[in-house]
Amino acid sequence: MGQSSSSARNFVFLAGISGFLSVALGAFGAHGLQAHLAALQMTEVYHTAVQYHMVHTLALLGVALFMERTQPSLHLSLVGWLFIVGIILFSGSLYVLAISGIRVFGAITPLGGLCFLAGWLLLAAAALRKS
Numbered sequence: 013m014g015q016s017s018s019s020a021r022n023f024v025f026l027a028g029i030s031g032f033l034s035v036a037l038g039a040f041g042a043h044g045l046q047a048h049l050a051a052l053q054m055t056e057v058y059h060t061a062v063q064y065h066m067v068h069t070l071a072l073l074g075v076a077l078f079m080e081r082t083q084p085s086l087h088l089s090l091v092g093w094l095f096i097v098g099i100i101l102f103s104g105s106l107y108v109l110a111i112s113g114i115r116v117f118g119a120i121t122p123l124g125g126l127c128f129l130a131g132w133l134l135l136a137a138a139a140l141r142k143s
């Protein structure tokens with residue numbers, strides 16, 4: 013259980029940092045960037061980035077809690093990393109797209125979405141393996 017506990021602690025730490033960033037970026041978008049985002053017609057894109065960022069931060073926290081209650085599992089560690097990479101690629105690319113208006117960053121977004129999808133499926137599979 014030592015490795016599982018260490019991985020879980022790492023994911024809780026990363027979820028804490030990610031949660032902080034999602035709230036800070038959400039507030040910055042709502043208050044500091046509101047006019048800029050509206051001028052670029054990117055308010056909804058930015059909102060989507062914040063929403064997926066927070067949802068998957070909470071999911072990462074859930075993975076860490078699940079890891080604490082089960083035997084060490086490479087599957088669960090992979091789920092956590094898929095959510096982290098998904099946040100970076102999906103939300104990160106949308107943040108950059110919304111702020112810069114450079115549409116090429118939108119091409120990265122689906123890769124993050126695939127990480128999210130793979131993470132959710134692997135989480136479901138991990139739950140079935142534990143029952």
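13 is the number of the first residue of the sequence shown in my numbering; add one for each residue after it. Note that the Cβ used here is the ideal one computed from N, Cα and C, for glycine as well. As the structure is a computational prediction, the values presented were derived from the model and not from experiment.
Beta-carbon gap between residue i and residue j smaller than 8 Å
{"i": "Val-24", "j": "Leu-73", "result": "yes"}
{"i": "Val-75", "j": "Leu-86", "result": "no"}
{"i": "Gly-41", "j": "Leu-49", "result": "yes"}
{"i": "Ala-110", "j": "Ala-61", "result": "yes"}
{"i": "Gly-131", "j": "Leu-106", "result": "no"}
{"i": "Ile-120", "j": "Leu-101", "result": "yes"}
Pairwise C-alpha distance: residue j and residue i
{"i": "Met-13", "j": "Arg-141", "result": "Reliability of the predicted coordinates at Met-13 is poor, the pLDDT of 45 falling under 50, and the value obtained from them is presented with this limitation in mind. Straight-line Cα distance between these residues: approximately 17 Å."}
{"i": "His-43", "j": "Ala-36", "result": "10 Å"}
{"i": "Ile-99", "j": "His-68", "result": "7 Å"}
{"i": "Leu-70", "j": "Leu-45", "result": "25 Å"}
{"i": "Gly-28", "j": "Ala-20", "result": "12 Å"}
{"i": "Leu-129", "j": "Gln-53", "result": "27 Å"}
{"i": "Leu-123", "j": "Val-91", "result": "15 Å"}
{"i": "Ser-30", "j": "Phe-117", "result": "21 Å"}
{"i": "Leu-33", "j": "Gln-83", "result": "30 Å"}
{"i": "Tyr-58", "j": "Gly-113", "result": "11 Å"}
{"i": "Gly-104", "j": "Leu-26", "result": "15 Å"}
{"i": "Thr-55", "j": "Arg-115", "result": "14 Å"}
Span of the alpha helix (DSSP H), counted from its first residue to its last, around residue i
{"i": "Gln-63", "result": "55 to 81"}
{"i": "Ala-119", "result": "Unbroken run through Ala-119: none, as it is neither H nor E."}
{"i": "Leu-106", "result": "104 to 112"}
{"i": "His-48", "result": "46 to 51"}
{"i": "Phe-95", "result": "86 to 98"}
Of the residues the options, the one placed nearest residue i, counting alpha carbons only
{"i": "Ser-18", "options": "Ser-105, Gly-131, Met-79, Tyr-64", "result": "Met-79"}
{"i": "Gly-125", "options": "Leu-33, Val-97, Leu-77, Leu-134", "result": "Val-97"}
{"i": "His-65", "options": "Arg-81, Ala-119, Cys-127, Ala-51", "result": "Cys-127"}
{"i": "Leu-135", "options": "Thr-55, Gln-63, Ala-51, Leu-77", "result": "Leu-77"}
{"i": "Ala-138", "options": "Ser-103, Gly-104, Arg-115, Arg-81", "result": "Arg-81"}
C-beta neighbour in chain D for residue i, strict 8 Å
{"i": "Ala-42", "result": "Looking at the structure shown, chain D is missing, and only one protein chain is on hand."}
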